[in-house]
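Chains A and B, in that order, are what the protein sequence lines are.
Numbering-wise, the working numbering puts 124 at position 124 of the first sequence, and it's gapless, one number per residue.
In short: position in the second sequence from 1, add 140, done, that's the working numbering.
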Amino acid sequence: MNLVEKAEARSRGRAVVFYLLSVALLASTILSVANGHDEPNRLLPWFVMIGASALNLTGLPFRWSRCGPIARLMNDETTRDHRRSSFEAGFWAMILSTASMTAILNAVPFSAVTMGRVAITAGLIAALTSFATLELRASR
Amino acid sequence: MNETLGNDLKAAREAAGLTQGGLAQAIGVSRKTINTVENGVFQPSTLLALKLARALGRPVESLFWIAD
Numbered sequence: 001m002n003l004v005e006k007a008e009a010r011s012r013g014r015a016v017v018f019y020l021l022s023v024a025l026l027a028s029t030i031l032s033v034a035n036g037h038d039e040p041n042r043l044l045p046w047f048v049m050i051g052a053s054a055l056n057l058t059g060l061p062f063r064w065s066r067c068g069p070i071a072r073l074m075n076d077e078t079t080r081d082h083r084r085s086s087f088e089a090g091f092w093a094m095i096l097s098t099a100s101m102t103a104i105l106n107a108v109p110f111s112a113v114t115m116g117r118v119a120i121t122a123g124l125i126a127a128l129t130s131f132a133t134l135e136l137r138a139s140r
Numbered sequence: 141m142n143e144t145l146g147n148d149l150k151a152a153r154e155a156a157g158l159t160q161g162g163l164a165q166a167i168g169v170s171r172k173t174i175n176t177v178e179n180g181v182f183q184p185s186t187l188l189a190l191k192l193a194r195a196l197g198r199p200v201e202s203l204f205w206i207a208d
């Protein structure tokens with residue numbers, strides 16, 4: 001297996017991990033909102049999860065580390081373009097989710113923590129799934 | 141006016157006897173970059189377009205053009 005094939009296999013793996021992260025984020029948010037768990041100590045694992053997801057979605061780890069040839073192939077021009085597109089999807093998902101929650105705030109009173117959590121989760125899920133989908137589609 | 145970037149990359153690559161993976165390795169990008177450029181999904185930077193032209197031994201303007 002040459003470098004290009006190795007990078008492609010890892011890129012596919014990264015896309016699958018992003019789909020799994022999206023499912024985990026969604027499940028965690030649904031469970032916490034349904035059970036009304038807004039306590040700060042319960043938010044800590046969630047902060048770790050969104051931090052890790054957001055960090056992996058950016059190209060920052062590639063900038064910090066001394067990139068090997070495979071890492072460079074996994075962060076080439078197309079991948080950076082997919083990142084930009086996925087950030088845009090995340091931005092709109094965040095706007096839409098926040099606007100939707102604001103619109104129904106009178107009927108269903110949410111806490112500020114819940115609103116923030118839902119908005120961030122929606123944005124991250126949209127960005128992660130958008131990135132993973134674009135990457136897998138490009139690899140076909 | 142809705143201008144797009146046309147390209148002859150696939151034909152030029154096949155004429156050179158290269159696979160997408162082979163061309164990708166030659167210029168140091170992923171295979172998906174070659175694939176998306178060939179399909180017109182992704183518009184390459186000037187740098188990438190010049191690298192592709194050099195690898196295929198063709199002038200860049202014969203590989204890429206503005207399609208009206």
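Backbone N, C-alpha and C define an ideal beta-carbon position, used for all residues, glycine too.
No experiment lies behind these values; they were computed from the predicted model shown.
Practice task
Give the residues of chain A in contact with residue 200(B), contact being defined as C-beta atoms less than 9 Å apart.
Solution key: Correct list: empty, because the minimum Cβ distance to chain A is about 16 Å.
Problem - Closer than 8 Å at the beta carbon, the chain B residues around residue 3(A) - result: 165
Problem - Supposed close pair residue 70(A), residue 7(A) - CB separation, criterion 8 Å - result: 5 Å
Exercise for the section: Give me the Cα-Cα distance between residue 97(A) and residue 109(A), rounded to the nearest whole angstrom. Expected result: 15 Å
Problem - Same chain, Cβ closer than 8 Å to residue 50(A), five either side skipped, listed in chain order - result: 25, 120, 121 and 124
Exercise for the section: State the beta-bridge partners of residue 204(B) as determined by DSSP. Expected result: Per DSSP, 147(B).
Practice task
Verify whether the separation of the beta carbon atoms of residue 132(A) and residue 47(A) is less than 8 Å.
Solution key: no
Practice task
Show which residues of chain A have a CB atom less than 8 Å away from the CB atom of residue 146(B).
Solution key: The contacting residues do not exist; residue 146(B) stays about 19 Å from chain A at best.
Handout entry: Inside the stretch 22–88 of chain A only - alpha helix (DSSP H) runs reaching at least 4 residues
Key = Taken in chain order, the whole alpha helix (DSSP H) runs of length 4 or more contained in the stretch 22–88 of chain A are 40–57, 60–64 and 69–73.
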